[in-house]
Structures are given as structure tokens and as C-alpha cells.
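Novice:
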Amino acid sequence: IFFNCMMGSGSLNSGSRSGSSKTSTSPTENYQLARRRTLQVVVSSLLTECGFESAEKAAMETLTEMMQSYITEVGRCAKATCEHTARSTPTLSDVVITLVEMGFNVDTLPVYAKRSQRMVITAPPITNAPVVPKALIAGQKRTHPTYIPSHFPEFPDPHTYIKTPTFREPVSDYQVVREKAASQRRDVERALTRFMAKTGETESLFKDDISAFPLIAAKPSTIPYLSALLPSELELQTLEETDSSEQDDQTDTENNSSNVSQDDQSADKENVVLPPGGVVPTGKANEENMIDNPYLRPVKKPKGRRKKLKLIY
Amino acid sequence: MNRKKDKGFESPRPYKLTHQVVCINNIKSFFRDKSVIGYVELTIFPTVMNLNRIKLEASSARIYRVRVNDLEGLHSFTNDPTLEVCHHESKQRNLNYFSSAYTAAVSAVDPDAGNGELSIKVPSELWKQGDEMKVMKVYIEFSLDQPKGGLHFVVPDVDGSMAERAAHVFSFGNQNSTRFWFPCVDSYSELCTWKLEFTVDASMVAVSCGDLVETVYTHDMRKKTFHYMLPIPTAAPNISLAVGPFEILVDPYMHEVTHFCLPQLLPLLKQTMSYLHEIFEFYEEILTCRYPYSCFKTVFVDEAYVQVSSYASMSIFSTNLLHSGMIIDQTPVTRRCLAQALAQQFFGCFISRMSWSDEWVLKGISGYIYGLYLKKTFGVNEYRHWIKEELDKIVEYELKMGGVLLHPTFSGGKEKDNPTPHLHFSIRHPHTLSWEYYKMFQCKAHLVMRLIENRISMEFMLQVFNKLLSLASTASSQKYQSHMWSQMLVSTSGFLKSISNVSGKDIGPLIKQWVDQSGVVKFFGSFAFNRKRNVLELEIRQDYTSSGTQKYVGPIKVTVQELDGSFNHTLQIEENSLKHDIPCHSKSRRNKKKKIPLMNGEEVDMDLSAMDADSPLLWIRIDPDMSILRKVEFEQADFMWQYQLRFERDVVAQEEAISALEIFPTPASRLALTDILEQDQCFYKVRIQACFCLAKIANSMMSTWTGPPAMKSLFTRMFCCKSCPNIVKTNNFINFQSYFLQKTMPVAMALLRDVQNLCPKEVLNFILDLIKYNDNRKNKFSDNYYRAELIDALTNSLTPAISINNEVRTVDNLNTDVRLILEEITRFLNMEKLLPSYRNTITVSCLRAIRMLQKNGHIPSDPSLFKSYAQYGHFVDVRIAALEAVIDYTRVDRSSSELQWLLDLVQNDPVHYIRHEILSMLAKNPPFTKAADSLLCNEALVDQLWKLMNSGTCHDWRLRCDAVNLYYTLFGLTRPSCLPLPELGLVLNLKEKKAVLNPTIKSEQGPGGPEVTTTMAFTSTLEEEHVVMEPALSGVAMAPQGLKRKAETPLGSSPEPGQVMQEEPSAKASVKSKFPTQEEEDIDMDTVHDSQAFIYHHLNMLERPSTPGKEPSSVEQAMLSMPGTPMPTLSKESTSSKHGDHHHHHHHHEHKKKKKKHKHKHKHKHKHESKDKDRDSHAFSNSPASGRSIRSPSLSD
């Protein structure tokens, strides 16, 4: 019984929980119900042995539960002990150690087992052992190619090495994409600014609730024009991206192509305003050496003493 | 001397300057102490015998040593009168007095009149030399210690060397202000050649006028000396200097042009300057003249005084004009600034002016050629739009403020013949002008140049310019001895003479009309079509009586678009002819199917169903070429305006049509505007204007409007995705017209209102969606201006909150829409801290939005946020926006502490531009005006402002004029009404009496003290609000009339929505207690007797001086002449009996009065003197008070 119970202990816990639902008919549950019933029989026979004539159902249940817990614990500990010694199947000595650990006097066990008035309990009815779910079968198991002798181990299951392309159907709905991008950016921005506001000084628009709509405090900077005039790194990054993805631009402009083409003819010359990118003549660097600009000339060393440029007049 | 060539130019000085050396060496560290030490040496030729005194300008410089030809000279400051205009002891507080005193002070040091504050006594040894007309060299050592004007130091407060800190200094000033940084002849008409030397730290660059000859290290190798030579005769005001750790960029197209910017900005400088050569080429081509100087330098500095200032061969710009290639909006603005600066290089720097009254020629020509550049670069549409804008501006200004006179002539030089009596300042000197006036002056000058061009053709015009330039450049290459230099000075007469020489046309009438005379023309036009005669009867009337207008006589062009084509007619406007008959060419509706020819030769199909079947007229335009400085109000039917909008190709006509359509909210107008909006070919500024007009029309048509809100479907079609119309496309601003339209449409849409006068929910959500889905990742250009305008749109959508009994605004009772808006604004503003946008446009818009939320009562009104953004150290645009909000708060909440804070900033802020802007914004949005009473208006404020303009702003002409302007806005020309009046004479101030009678109006009790204005004002000045009580009955009889008129007009400005009225109970109580008898009285003064009694009654009120404070003398002055009538006892009785509790107070006052009594005896004398100055002193003699004082015992007896 003991070992039987032990083997089933793993699934008992879960079984007892779901067992309450009477309608269950799955083989696994049937199996577990049968085990439990056997356990109950054990408990009742022990009770009878002790001289009880009847027991309340609740008491029975409690005792069964206790018994089950005890056995489960023994099983678990035995397993742990065995795994500790790098084995996978518990041996008798594992169980013995466990029992000792749990404060059980093992020596009394043989005596107890051989006591006269013990009852013989029938083995639990043989039900279908729960089916171990089959390993995932992905694709055909490969056989050895011809150049590999057959005594070599077989290929492992295909799922261990087969690559299944698992990309989801890309969300092609434009609206959803935009929606997502927008709300994502907004969330990031909000979280970031809230964080900044929480960690630094703030100003508030409301006197009564300072935490509502916190504004990061305005801090004067020593050279304010720099941050105001220079493009931020983010902008520079986008600029580079757009430059490199010139192709994208073209597709984009196609949307507006009607506009653009009409503009060329339009009388308005606004688009003359910007030249296509700040064009600076090439080879400027070379030229610069030849440029005769007084500000590029080297600074002269002072000549002699007090040779201030007096007026040549 | 042989002055034949001088064309009448007479130097006002007894000598002629030929050469000047300026040497500034930073013996002490230039930047750490902000001090300058140097010397100047002027080479002069005496032109009179026995030259014994030389007058120069040297404001605020400390002079150590003066030598004339190596002999020690004596120098003395002729105490600069502009330092303190009116002397301290003077209690005069009226602006008339100040203006004349200020003008006199400026005249006293006017270099154009040969005056100056530094007077050097020529050693007697040299007097003899005068006979031989020998050269004299005047050597002056000077220093400036932390100059307030002239040089501006920018020294950021960070660690590191001065170069690392980007510390720099540059010269600045309004007009001729060079005197503030070195002694000179500070006149535009005194030319000389220059040698300039600046010794600066080795890490710095000194940029100045002329050619950099060489740069030499000092002996310790830690400093460099920059040697500049300017061989072209130049006036001192055109000399400038900029020193800083500049990055140097040699123009890739023109190697003689060098650009300088502050560290780290070089990439922006490259981008910004990439098109300067085009401007150069353009000007050189049209003027057929090479750029006069051998080099050109542009320097971009922080905290610039003005955006653009031009000096000989260099220009100083604000660093904020720099931009990267991603910025759309700033690019045209910066280009315009560069073009302006360059135009002024030719006219303004190279060619200077003879006198201040010739300034218009220089400003006119430079403005005019700048306009030509605009036309070439930005297109004809943009040019015409600009001309219209400028014309509208000048017309609006002149009609509001009175005429702008381009060429004032002052015969005899006396103040009496003031050509512009309507102005509160004198136009005799550039330094007395209000800044606004000067801007308008420039605007008018270039418009007049355009009128001259219309008259003599552009070709001749350019020939004239070429002639001026070539004469000048010939002269400039001559030695001084040839006396040719005055050719480089332009004068009105010389300019007109070359026009008549070149063109052979007489433009005298034109000049007389627009240059010698101020004012614009105001036309009213209407027409009728006479079917029988097939004649258009046009009536053109003029208003030439109101201020700022003048009468026009001469030709006027009228364009009539008929069915058969467009026809120009030139009508003659004469004295008495109002009606003009214009024969029509086409019969109505004869050719139904024909296309209609337009002015430009185009033929178009039109749907003629809208027009009047009897008339062949499609539209009529008066003065379509804007060849008169005028405002035209023309009446024609709505369908005619619609035709004009759709089919007239001139942008000016289209814009006129749009503004006319505002008053025709019909479906047809809606359609016309929508069509224009959709037309790609249409000029984008017209389309932008159409947006706003459409919003207005939609609001007027609210009840009959069908379909989605105006412009929504249009915007969706143009800018949103095809598949999901609620989402805007990712930004792509490659097409600028679309970009500008995309920016503007939401702003205009937000102005829409529904029946409850709220912004429709649909529109608000639409704008919020635009913000949400805005995606700039694929865009080549920055979207900062776009996002800023989306915030502006949110601002526009705000409407006043429904407030219940001044309930305090809390987070909980926030309107849900407002919560959404606030959410966005908070996020934007916070993001700006992490990723600042270009010129912080988004912060600027957010601040405006927050102020609007406060103003509309959605969130509690509080200036502290704005004050923190207004601090020094924020970007200047942000500061201005924040200050604007504080100023608005000051007005709405009548906060004296904020006003005080602003005025403190005016005195102490390091940035000149900010000081100037505070004052001009205060003048534009004043906390109170002379027309209305306010708690803020008190004696302390008057004193403070007076001090500010009297002496506090002596280093900056512009600021002083701003202060004068503000003073004028707040108090008017006469003595501020809140002051107790020192003058004699009895004038019944009805306005203030009203303040007493009506308990809802606050008295002018300042928070500073218990100073309540006198209920009866005694003054000798005569103003509209004051009625002089003449001894006869007539004056008294007038009083009730005036009273009633006043009573009808609301006094205080109605409180803003959501504003919590801060009626101080204490103030109220004090008013009550002081005037107990009148409190609830509704005085009906139908009879003379009644009103007389009323006046006596009020006179008695004065018995108890209500101003125990600072100026007792003035009140008592008034009382001196008061009739000792039996009335006082009566009133005393009433006060004491009714308000015994105030008795104590009363005694207190009397006590004080006694104490002060002896004091006013000597003041009395002073008052008599000042009385003479008062122009209205004659009113005094008429007053009953004076008359009675003879009869009855005066208090002073």
C-alpha cells in the first residue's frame, strides 16, 4: 500500500482537489478516485483494528487526508533524498532515511507489519493508469543519412532541432499600427515625464492638489540659446534616418505627388526658400587653405619693444 | 572755405574731423570686471579762427587725460542733461512738461547742432594755429566701468575660462549711441577714416569695422591685438565692436565675407549663411554697384539689442536667427533679416545722412531695395502681400495715433512750431521717438519710395540709387582735402534733385503729400449701376478730418471687371467731386456662353447665376496698385466679393475680398472660401486667411450650418489617411504650402463655436487626435512649429468656464474637456525639458495656453509659474511669453505686487531687449489706462515711472522712450489723476466725483498707503474729462451735463471672466467713511444752485486732507486759494456727528497738516515759477476759485 500510495502521491494532491467535482469522468480522475478509496479502506480498517465501530464521515475524511499527507510527504522527501544522491528512483534506504528524518522509529515497523490482527486489504482495482501525454511530435523523425552508420544513436526528437517559423501574422491594419505607435509613445512620454516630475522639483497649477498635473520646474540655464537652437540628438538621429531611407521618402511623396507637381507650376515661389539641403561647394576643405582671409592668418609675434602701430599718416 | 560741392551742407562744428583712432586694451580683464580702458585720438581741422573749445560726445565715460597736440588740455563735462531730464526737486509730473524738457536736454547734447557733453578747452598755445588751419590731434584717455549702455557684456555664470563660457561683448545702441562706449563726434554727418585697435584675450576674436590689417600677440603672448583700418570715411555711429570666442566661418562663395558665431553653433551658421551670396549678387546687380567695403562680417551674438543692426562693413545679428536645415518657419525670417542688413550696408552705413530729417531717405531706399529682393526671392505674391501688410500697418497706426511725418522741418529750431502736436513725444530727435513710431516711420519710408517708383519707373529709380552710390564711392576714395566727403551724405533735397535730373519728372506734389505732410487717406466708396445709361456711378468720399488723415487730390485708378473684360479707369479726385460716371463696356448678359476675360489675359468660365441680371459688373476695385497710402472702405454686393475672391488673380484683391466677406455669412460665401482653400494654385497666405474667415462665417451661420464643422472634411481629405480618415498622415512637410495650411487649419477650426458658445466636442476631439497621432519620424523637417500651433489650437478652443460664486478652482471640479487639454499641455511642457524644441516654440505655446486656462477660470489664476519662466536664463522667447502672461495677470487681477515685480525687472534685467519688451507690452496691455480708475494707480507708481524715464533709463534711449510711452498710456499727457494736484485753479473733475458717488467704483486707494485722491481736483490744466468752472453760471451749468455723459460710460473695465474680484473691503470702508454724506446720494443737479452747492460741498471735503503722506504741499497749495466759505463748518459737523469713530483720525490729519504748514511757504514760490510753464495757466485765472480768493479771506492769510 505504502509504495502504491507513494507512486501515486504526485498526482494525488491535484486529484483530491479536482475530485470534488463529481461529474469528472476522465481516466486520470478515475484512477485517482480509486486510489483514494483504497486509502479510505485502509483508514477504516485501521480504525476497526483500534476498536472503533463507526466513524463520522468528516472524521474519516480528515484522517484520510492526514494519511495522504503523511504518505505524500514521505514520498516527496524520499524523492528528494534520492535526487540528492544523483539517482532518479528512490530505493528502500531513501525511504528509511526519510522516515527517520520525520521522527519515525523504523525499528517498530517490522513488528507492526507482522502483527496478528492486521487486516488484509485488497489491492486497488486496476484502472487505466493515466496516460502520459505524448511528447510533441513535430515533423518526421529523421533517419540517419546513408553515411552515418546505423549503430550511432538516433536523431533526437525533431522538436529539439527543427526550427518552426513562429512569426505571427503581422498586423497589417494601418489604423491599428498607428494607434499602437501613438499610444505607446504617449505612454512612454507620460511615464518618463511623470518620473522626472516625481524625482525632481515641480511646479503645480493647482494649490489644492500639488500632485495633479505636475510640471517639471523651470530651471534657468547658463547658456539658454544652445539648447533652444541646436537640434536635439533625437532630431539629428531622425534626420540621419530619413536621409538614409531616401526610398521611404519617395514613396511618401508619391502620396502627395499631385500636390508637388502642381506646385511647380504655381505662381507662388515659396519653395525657393530652401535650397535642397545646405549645399556647400565640395572641395571646400581644400580651398580653405588657399583662402586669403585675414581671420585665418596666423597671429604675428610681437616685434621688438613698444612697436605699436603708430599712424602712418 | 570752398564748400561749393557740399550742396548746402554746413557742419555745425567749428572744425572738421578727418581721422580717428580708437584703441581699447583690456588692461584689466575685459570680462571679469566688465570694464574697458582705452584712448581715442581725433585728427581735426579747425574751420574757424581761434578754435578754443571742442565739443564731443562722451556719455558715461570716465576721462583721465586729454591732450591736444601733445599739450595737456582741459576738459570739462557739461553736465549731461539727459542723465536727469527734470531735476529732482521738481514735483511736476505731467508728460507735456517732461517731453519738452527731454527734447531740450537731447538738443543740448545734439551733435547735429554742434553740441556735446564733453567740452575740451584747447590750450591757448594752440589758438594761434587756428589762423593757419593746422591739424590738431586730440588725444583722450578714457575708461568705462561696467557700462550700462554702449557695450553689452554677456558673461554666462559657469565654470571655465571666459572662452569656454562663451562670454562675449558687443556694441549696441539706438541710432547714434556710440558716445556710450568711446568719446567721439556722435553724428551721422561727421565722417572720418578710422583706425581701430582692440587688445583681447588670446582665445577671443575682436570683430570690428574695416579691414583686419594684422593680429599681433602682446609680449606675454596671452593677448592679441586686432588692428583694423577703415579707409572709407564713416560716421562714428556706424562703428561697432564684437569680442568673443567666436567660431569663424569664411563664406565658401565669397572669401572676403566672414561669419562669426558663438561656440558650438557652427553647423547652424553654415546652414544659415548658405544663401547670403545670393543676396549680395542681387543687390550688386540691381544697383550696378559693387559692395562698397572690401570685406563684410556678420556676427551672431546672444542677448542682442535688436535682431539686426548694421554698421560699416559688419552687421550684428541676434544669435536666435541661426537655424538648422530642419527648420522651415525661421528660414524665410532669417533671410529677410540678412537682406535687410545688407541693404542697410549700402544705404545707412556707406551712405550716411546729413541730418535727422533726411533719415527717411536712407530707411526708404534700404527698405525699398529690400522689397525688391523679397519680390525676386519669394515671388510677386509674397511681395504684394507684404506691401499690403505694411500699408495696413501704417494706416492703422496713423489713424490710431496720428500722422507719421517723414521729413519734419523745424524752422527757427524753436519748440513752438511742433509739426506733430498730436504726439506725446517730440520727433525732433531720433532719441525722443517712440519705438513704435520709428518702426512705422521706416515702414512709411519704404512705401513712399515705392510710390516714387510708381511715378518715375523702377529703371530711373535704380539709376538714382546708382548715382548716389557712385558719387559716394568716388568721394570715399578721395583724400579729405578734396572736400568731397559730404557727397557720401544724402539729404532730402539732394535725393529729390537727382530724381528730377535722372527722370526729368516733377515729383514735388507727391513729396509734399507724403513726405512733408503726415497722415494717410481714408476713402469710402460705393456705387450704383445706371442701366439706362449703361454707366457705373461711382461715389468716392474721403474722411480728412479725423486724426491721422489727410485730403487727397489727384488721380486714382479704378479697375472694373465686367462681363466683357477688365477695364482700368483713372479718375481725378478733386475738391468737390464725389461722383464719377464710368461708362460700361458690356451690356448685361448679352453673351451668356462666352468665357470672361480677366485682367491678366486669362479667360475663364464663370457661373454667373449669382449676379444681378441687370448689371454687367462683376467687381470693382479702387486703387488696386496701392499707389496711394490709403484705406479704402468699399461697398459692393456679397456676390461681387465672392467673384473677386474666386477670379481676381491679385492676392491683394483676394485678401480684401476675404476680409469683406466676413460680414456676409451666407452659404455662397462659405462655398467661395472653401473653394479657395482647396485650390493649390492659390497663394498660401490667402488660403490661411480664408481659414479664419471661414471660421468666423461658420460661427455667424451657426443655426443654419449643415454638415461637419467647417474645414474638418477638407482637412481630412488633404492631410488624413485614406483608409482611416480619423488619423492624420505621418508628417511630410516637403510641400511648404501644404505645411502652412496644415498648421493653420486646426488653429482656425478651434475658433468654431456651437450654440452654447463652446467649441464643438467634435472639433476638440479632432485636435486631440491630431496631437495623438502626430508622427514626425519620417519627416525631414522639424515639426516643432506644427506642434506649437496644435497647442495654440487647444488654446483657441477654450471658452470661459461657468463659475459659481467665485468658487475656488480645484482639480476635482475640472471640466473633462479641460482635463484632456491640460493633460496634453502638461505632457508637452514636461517633454520640452527633456527634448527642447527649436526656439522652445512649444514652451511658448504652452505658457500661453496655461494663461488662457487661468484667464478663462478653468484653473486658479496664479502668476508664479510664469514668473519662474520669466527669469533670466531662459530662452528669450520663453521669457517674453511668460512676461506677457504676467502682464496680462497684472491687468486682470490688478495686482500691484506683480506690477512692481515687472518694473523691478525693467530696472534690473541684464537683457536690454527684455526690458524694452516689458515696457512695450505693458503699454499695449496696460494694467489700467488714463480713462479708467484703478487701485494700482497711485502716487508711488507715478513717482517710480517718472524716475524711470527721468533718470533711470539714461543709458538707453529706446528704453526711455518706452517708459514715456507707458507713462502716456497710464496717465495721459497731463498730471496723473491720482496725484494730489499742486496747481491753483478750480476744475471739477467729474470722473473722480463719480468715483465717489457710485459706491461700486473703487476709489484710487493704493495699497501702499491711505492716500485717497481728492474728490475735487484743482488744476489749471484743461482736459476733456475736466470741466473748468468759470466764474459765470455757464461753467457751472455745464457740470451736470458732463456728469451724465460720464455716468453712462462704464468706468472700470469689466472684469474678465473667471476673475475673482478682489474688492478690498477695507478700501471700500475707507471710502465710505471718508465721504459719508454722499454715499448713497444720487445727486440730481438740474439747477445751478444744486450743482453749486454740490461743488462747495466737495470743496469742504478738502478741508480734511486725505493725503497725510508724502505730498501735503500740493493739497495745501490747492487750499491756499480756496474760498473761506462758511461751508466748511457745515461739513465738519456732518462728519463728526455721523461718524464719531473717525474723529480721531480726523484730528490726526489736522495735526499733520499743521506740522507741514510752514513747509509749503517756500514751495509756494516754486509753484509760481512752474506755473508759467504750464500752457493752460490762463484757465486758472478764469476759475472761480481764484476769483473768490480775492474776495474772501484765503486760508493762507
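Residue numbers (the working numbering), protein chains in the order written: chain A, 1 to 313; chain B, 1 to 1197. Where a beta carbon is used, it is the ideal one built from N, C-alpha and C, also for glycine.
Taking only the alpha-carbon atoms, compute the straight-line gap between MET119(A) and ARG87(A) and give it to the nearest angstrom.
Specialist: Within the first sequence, residue 119(A) is the residue found at index 119, counting from 1. Within the first sequence, residue 87(A) is the residue found at index 87, counting from 1. Between MET119(A) and ARG87(A), the C-alpha separation is close to 35 Å.
Novice: Please report how far the alpha carbon of SER609(B) lies from the alpha carbon of LEU629(B), in whole angstroms.
Specialist: Start at 1 with the first residue of the second sequence, and residue 609(B) comes out as number 609. Start at 1 with the first residue of the second sequence, and residue 629(B) comes out as number 629. Computed Cα separation, rounded: 36 Å.
Novice: With a threshold of 8 Å between beta carbons, is ALA80(A) in contact with chain B?
Specialist: Taking the first residue of the first sequence as position 1, residue 80(A) is located at position 80. Not one chain B Cβ lies under 8 Å of ALA80(A).
Novice: Confirm, please, whether the CB-CB distance from ARG809(B) to ILE859(B) is below 8 Å.
Specialist: Working through the second sequence from its first residue, we reach residue 859(B) at position 859. Working through the second sequence from its first residue, we reach residue 809(B) at position 809. Yes, the pair counts as a contact, with Cβ atoms nearer than the cut-off.
Novice: At 9 Å on the CB atoms, spell out the chain B contacts of GLN175(A), in chain order.
Specialist: As a first step, residue 175(A) must be located in the first sequence, where it is residue number 175. What GLN175(A) touches in chain B: CYS721, SER723, CYS724, ASN726 and ILE727.
Novice: So, does the CB of ILE162(A) fall closer than 8 Å to a CB anywhere in chain B?
Specialist: Stepping through the first sequence from its first residue, residue 162(A) is reached at position 162. False, the Cβ-Cβ gap to chain B never drops below 8 Å.
Novice: Which residue's Cα is closest to the Cα of THR82(B): GLY548(B), GLY116(B), GLN175(B) and LEU935(B)?
Specialist: Your numbering for residue 82(B) matches position 82 in the second sequence. The shortest C-alpha separation from THR82(B) is found at GLY116(B).
Novice: Can you give me the start and stop residues for the alpha helix (DSSP H) that GLN854(B) sits inside?
Specialist: The residue given as residue 854(B) occupies position 854 in the second sequence. Where GLN854(B) is concerned, the enclosing alpha helix (DSSP H) stretches over 841–855.
Novice: Tell me, please, whether the CB atom of ARG88(A) is closer than 8 Å to any CB atom in chain B?
Specialist: Start at 1 with the first residue of the first sequence, and residue 88(A) comes out as number 88. Sequence check: residue 88(A) is Ser here, not Arg. No, SER88(A) lies away from the interface with chain B (no Cβ there is under 8 Å from its Cβ).
Novice: Please name the residues in the region 224–238 of chain B whose beta-carbon is closer than 9 Å to at least one beta-carbon of chain A, in chain order.
Specialist: Flagged, chain order: LYS224, THR225 and HIS227.
Novice: What in chain A is Cβ-close to SER868(B), meaning under 8 Å?
Specialist: Numbered from its first residue, the second sequence carries residue 868(B) at position 868. The answer, in chain order, is GLU203, ALA217 and ALA218.
Novice: Using the Cα positions of LEU902(B) and GLY972(B), report the straight-line distance between them to the nearest angstrom.
Specialist: As a first step, residue 902(B) must be located in the second sequence, where it is residue number 902. As a first step, residue 972(B) must be located in the second sequence, where it is residue number 972. Each residue's Cα considered, the two are about 21 Å apart.
Novice: For ILE37(B) versus ASN25(B), is the C-beta spacing smaller than 8 Å?
Specialist: Here residue 37(B) is taken as the residue at index 37 of the second sequence, counted from 1. Here residue 25(B) is taken as the residue at index 25 of the second sequence, counted from 1. Yes, the pair counts as a contact, with Cβ atoms nearer than the cut-off.
Novice: Within the same chain, show all residues whose beta-carbon is closer than 7 Å to that of ALA870(B), passing over the 5 residues directly before and after it, in chain order.
Specialist: Within the second sequence, numbered from 1, the residue matching residue 870(B) stands at position 870. So the list reads ARG879, ALA882, LEU883 and VAL886, once near-sequence residues are dropped.
Novice: Can the beta-carbon of ALA224(B) be found less than 8 Å from the beta-carbon of VAL299(A)?
Specialist: For this step, residue 224(B) is matched to residue 224 along the second sequence. For this step, residue 299(A) is matched to residue 299 along the first sequence. A small fix is needed here, since residue 224(B) is Lys in this sequence, not Ala. Yes, Cβ-Cβ distance for LYS224(B) and VAL299(A) is below 8 Å.
Novice: Taking 8 Å as the CB-CB cut-off, is GLU1056(B) touching chain A?
Specialist: Here residue 1056(B) corresponds to residue number 1056 of the second sequence, with the count starting at 1. Unreliable positioning characterises GLU1056(B) in this predicted model, as indicated by a pLDDT of 43, which lies under 50. A coordinate reading is not provided.
Novice: So what does ASN576(B) bridge to, in DSSP terms?
Specialist: In the second sequence, residue 576(B) corresponds to position 576, counting from 1. Answer by DSSP bridge pairing: none, since ASN576(B) is not bridged.
Novice: Starting from the Cα of GLN184(A), find the closest Cα among LYS121(B), ASN774(B) and VAL68(B) and give me that residue.
Specialist: Residue 184(A) sits at position 184 when you count from the first residue of the first sequence. Comparing Cα positions, the closest option is ASN774(B).
Novice: Starting from PHE523(B), follow the beta strand (DSSP E) in both directions and report where the run begins and ends.
Specialist: As a first step, residue 523(B) must be located in the second sequence, where it is residue number 523. Residues 521–530.
Novice: Could you have a look at LEU338(B) and say whether DSSP puts it in helix, strand or coil?
Specialist: The residue you call residue 338(B) lines up with position 338 of the second sequence. Helix.
Novice: Closer than 7 Å by beta-carbon distance: list the chain B residues that pair up with ASN30(A), in chain order.
Specialist: Sequence index remark: in the first sequence, residue 30(A) carries index 30 (1-based). Neighbours of ASN30(A) on chain B: none; closest Cβ ~55 Å, over 7 Å.
Novice: So with Cβ pairs under 8 Å, would you call GLN572(B) a contact of chain A?
Specialist: In the second sequence, residue 572(B) corresponds to position 572, counting from 1. False, the Cβ-Cβ gap to chain A never drops below 8 Å.
Novice: Does DSSP put TRP181(B) in a helix, a strand or coil?
Specialist: For the purposes of this step, residue 181(B) is identified with residue 181 of the second sequence, where counting begins at 1. The answer is coil: DSSP assigns TRP181(B) none of H, G, I, E or B.
Novice: Kindly confirm or deny that the region 185–193 of chain B and the region 353–370 of chain B touch, where touching means at least three C-beta pairs closer than 8 Å.
Specialist: Yes: at least three Cβ pairs fall under 8 Å.
Novice: Shorter than 8 Å from the beta carbon of LEU296(A) to some beta carbon of chain B?
Specialist: Along the first sequence, read from residue 1 onward, the residue named residue 296(A) stands at position 296. Judged by the 8 Å Cβ criterion, LEU296(A) is in contact with chain B.
Novice: Provide the residue span of the beta strand (DSSP E) that contains GLN561(B), from first to last.
Specialist: Translated into positions along the second sequence, residue 561(B) becomes position 561. Taken as a continuous stretch (DSSP letters only), the beta strand (DSSP E) holding GLN561(B) covers 554–562.
Novice: When DSSP builds the beta bridges, which residues end up paired with LEU262(B)?
Specialist: Here the question's residue 262(B) lines up with position 262 in the second sequence. None, per the DSSP bridge assignment.
Novice: I'd like to know if PHE213(A) contacts chain B, where contact means its C-beta is closer than 8 Å to some C-beta of that chain.
Specialist: By 1-based counting over the first sequence, the position of residue 213(A) is 213. Closer than 8 Å to some Cβ of chain B, the Cβ of PHE213(A) qualifies, so yes.
Novice: Specify whether the region 437–448 of chain B and the region 491–503 of chain B touch according to this definition: at least 3 beta carbon pairs, one from each stretch, less than 8 Å apart.
Specialist: No: the two stretches stay apart, fewer than three of their Cβ pairs being nearer than 8 Å.
Novice: Among the candidates ARG670(B), ILE622(B), ASP614(B) and VAL651(B), whose CA atom is the shortest distance from the CA of ASP638(B)?
Specialist: Here residue 638(B) corresponds to residue number 638 of the second sequence, with the count starting at 1. Nearest option by C-alpha distance: ARG670(B).
Novice: Can you tell me whether LYS219(A) is buried or exposed, with buried defined as 16 or more other CB within 10 angstroms of its CB?
Specialist: Here residue 219(A) is taken as the residue at index 219 of the first sequence, counted from 1. Classification for LYS219(A): exposed.
Novice: For TYR373(B), count the other beta carbons within 10 Å of its own beta carbon; 16 or more makes it buried, fewer makes it exposed. Which is it?
Specialist: As a first step, residue 373(B) is located in the second sequence; it is residue number 373 there, counting from the start. By the neighbour-count rule (16 or more Cβ atoms within 10 Å), TYR373(B) is buried.
Novice: Measure the alpha-carbon distance for SER240(B) versus TYR97(B) and round it to whole angstroms.
Specialist: Counting from one through the second sequence, the residue named residue 240(B) turns up at place 240. Counting from one through the second sequence, the residue named residue 97(B) turns up at place 97. SER240(B) and TYR97(B): Cα-Cα distance of roughly 35 Å.
Novice: For ASN757(B), does the count of other Cβ atoms within 10 angstroms reach 16, so buried, or fall short, so exposed?
Specialist: Taking the second sequence and counting its residues from 1, the one referred to as residue 757(B) is at position 757. With fewer than 16 Cβ atoms within 10 Å of its Cβ, ASN757(B) is classed as exposed.
Novice: Once DSSP output is grouped into helix, strand and coil, what is the label at MET440(B)?
Specialist: The sequence position of residue 440(B) within the second sequence is 440, counting from 1. Note: MET440(B) maps to helix in three-state DSSP.
Novice: For GLN517(B), name the three-state secondary structure that DSSP assigns.
Specialist: Translated into positions along the second sequence, residue 517(B) becomes position 517. Coil.
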